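What follows is a short report on a single structure.
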Amino acid sequence: LLARTEAELAAAADLRALDAVRVAVLGKSGSLTALLKGLGTVPAEQRKDRGAALNRLKGAIEAALDARRVVLDAAALDARLAAERMDVTLPPRPFAAGTAAEGGIHPIARTMEELTALFGAMGFAVAEGPDIESDWHNFGALNIPDHHPARQDHDTFYLPEANGRRPVLRTHTSPVQIRTMITQAPPIRVIVPGRTYRADHDATHSPMFHQVEGLVIDRGITLGHLKGCLVDFLRAFFGISDLPVRFRSSYFPFTEPSMEVDIGWSRKTGELGQGGDWLEILGSGMVHPKVLANCGIDPREWQGFAFGMGIERITMLKHGIPDLRPFYEADIRWLRHYASSP
Ligand code: PHE
């Protein structure tokens with residue numbers, strides 16, 4: 008049996024043939040398995056010797072299988088390397104007209120442009136801030152003191168301490184609310200698109216992602232202004248004039264009252280605007296008086312609202328993009344599919 012198996016193994020040209028030999032010998036109805044099963048019928052005085060012999064045989068066959076597998080594995084790898092060989096010295100192929108040769112706008116950049124245009128029409132300017140933030144801008148000034156439970160939700164990336172302070176990668180675009188209110192006198196109307204960071208990674212979370220913040224500070228601003236602004240924006244952005252929008256009371260340390268905003272969609276088909284289900288899309292609220300005061304703005308004279316949302320999220324919903332990860336992989340096929348012409 009050993010000699011025959013060895014001959015069969017030598018003839019096995021690939022891993023699949025190798026597996027067929029393995030099954031024929033060691034499988035449930037394999038030849039060696041049958042011999043082992045037959046042990047019970049061998050006279051008791053011979054059984055011990057025969058059992059030991061069969062076990063040795065089994066060991067030898069397994070060793071032969073392993074040895075052949077190593078050879079075939081290596082051959083399979085060589086074949087793959089040869090088949091996928093790339094000549095990196097070749098000149099690039101000419102691009103087909105209308106594709107990558109002309110470049111395209113990445114969907115994140117496109118959404119940022121759309122946000123800038125839509126809010127621009129409502130009188131908003133664009134503000135920016137640094138990705139590396141002080142703890143005070145990212146948390147303290149936003150009414151999130153040390154040890155506040157909200158800090159735990161943020162999976163913060165802390166940077167090495169310098170001058171007794173520990174900077175962070177901003178966990179949201181809200182610190183730019185603070186920077187804007189400190190440097191600009193009200194009335195204020197800005198959106199803040201930008202990169203944000205949280206130590207979180209799976210199919211729907213990336214350690215780096217994008218948010219857009221909105222901030223309005225003026226006299227006599229009410230919840231009504233917040234609702235009107237966001238309903239108009241959401242309907243315009245998704246291009247659905249009767250998109251259902253729901254305001255749900257919530258909590259953020261830097262707004263009071265706070266509201267999460269849901270839009271109508273169908274959980275079953277993923278279609279927006281109908282279906283009777285709700286999808287959370289952004290956080291918002293009236294700027295907390297303490298936050299205004301932290302920035303030197305008198306809350307008795309000025310009021311405002313703020314909101315924040317994930318750019319990847321609204322982009323995925325608008326264009327039916329199922330997975331977050333390809334946003335950052337620069338895969339030319341994905342880009343050709345989702346990027347828009349300039
Ligand atoms: N910064 C909040 C977040 O990242 C969103 C938010 C912004 C909520 C502004 C209210 C007002 O979850």
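Following UniProt numbering, the numbering of the sequence shown begins with 8 at its first residue and continues without gaps. Every residue gets a Cβ at the ideal spot worked out from N, C-alpha and C, and that includes glycine. All of these numbers come straight from a predicted model, not from anything done at the bench.
Per DSSP, what kind of secondary structure is residue i in: helix, strand or coil?
i: Glu336; result: coil
i: Gly34; result: coil
i: residue 350; result: There is simply no residue 350 to check, as the chain begins at 8 and stops at 349 in what is shown.
i: Asp284; result: strand
i: Thr190; result: helix
i: Leu8; result: coil
i: Phe126; result: helix
i: Thr40; result: helix
i: Tyr95; result: One detail in the question is off: residue 95 reads as Val in this sequence, not Tyr. Three-state result, Val95: coil.
i: Phe254; result: strand
i: Thr118; result: helix
i: Thr203; result: strand
Alpha carbons only, please: which of the options is nearest the one belonging to residue i?
i: His326; options: Glu308, Glu278 and His295; result: Glu278
i: Asp26; options: Tyr204, Ile68 and Ile139; result: Ile68
i: Gly317; options: Glu287, Ser265, Ile189 and Asp338; result: Glu287
i: Cys236; options: Glu15, Asp56 and Phe312; result: Phe312
i: Pro174; options: Ala116, Trp143 and Val199; result: Trp143
i: Tyr165; options: Asp138, Arg57, Arg92 and Leu122; result: Asp138
i: Ser214; options: Val223, Arg76, Gly221 and Tyr204; result: The sequence shown places Pro at residue 214, not Ser. The shortest Cα separation from Pro214 among Val223, Arg76, Gly221 and Tyr204 belongs to Tyr204.
i: Gly271; options: Leu250, Ser265, Val78 and Pro264; result: Leu250
i: Ile304; options: Phe240, Ile339 and Pro194; result: Pro194
i: Lys297; options: Val268, Pro260 and Phe314; result: Pro260
i: Gly66; options: Gly37, Val77, Trp285 and Leu33; result: Leu33
i: Gly59; options: Thr118, Leu46 and Tyr335; result: It should be noted that the sequence gives Ala, not Gly, for residue 59. Closest by alpha carbon: Leu46.
i: Leu42; options: Phe245, Leu64 and Ala192; result: Leu64
i: Gly290; options: Trp341, Gly282 and Phe314; result: Phe314
In angstroms, rounded to a whole number, what distance separates the CA positions of residue i and residue j?
i: Ala169; j: Val219; result: 29 Å
i: Ile321; j: Ala31; result: 56 Å
i: Ala86; j: Thr211; result: 37 Å
i: Thr12; j: Ala83; result: 22 Å
i: Thr123; j: Asp209; result: 29 Å
i: Thr262; j: Gly130; result: 22 Å
i: Arg186; j: Gly136; result: 7 Å
i: His154; j: Gly171; result: 18 Å
i: Arg177; j: Ile247; result: 33 Å
i: Ala14; j: Arg23; result: 16 Å
i: Arg100; j: Thr40; result: 57 Å
i: Leu97; j: Ala90; result: 17 Å
i: residue 395; j: Asp56; result: Nothing in the structure corresponds to residue 395, since the chain is present only between 8 and 349.
i: Met77; j: Asp21; result: Before going further, note that residue 77 is Val rather than Met in the sequence given. Distance between the alpha carbons of Val77 and Asp21: 11 Å.
Which term fits residue i, buried or exposed, when burial requires 16 or more other beta carbons within 10 angstroms of its beta carbon?
i: Thr48; result: exposed
i: Gly111; result: buried
i: Ile189; result: exposed
i: Pro329; result: exposed
i: Thr276; result: exposed
i: Arg196; result: buried
i: Gln53; result: exposed
i: Thr163; result: buried
i: Asn150; result: buried
i: Ala337; result: exposed
Just checking: is the beta-carbon of residue i within a distance shorter than 8 Å of some beta-carbon in chain C?
i: Val298; result: This model lacks chain C altogether; it includes just one protein chain.
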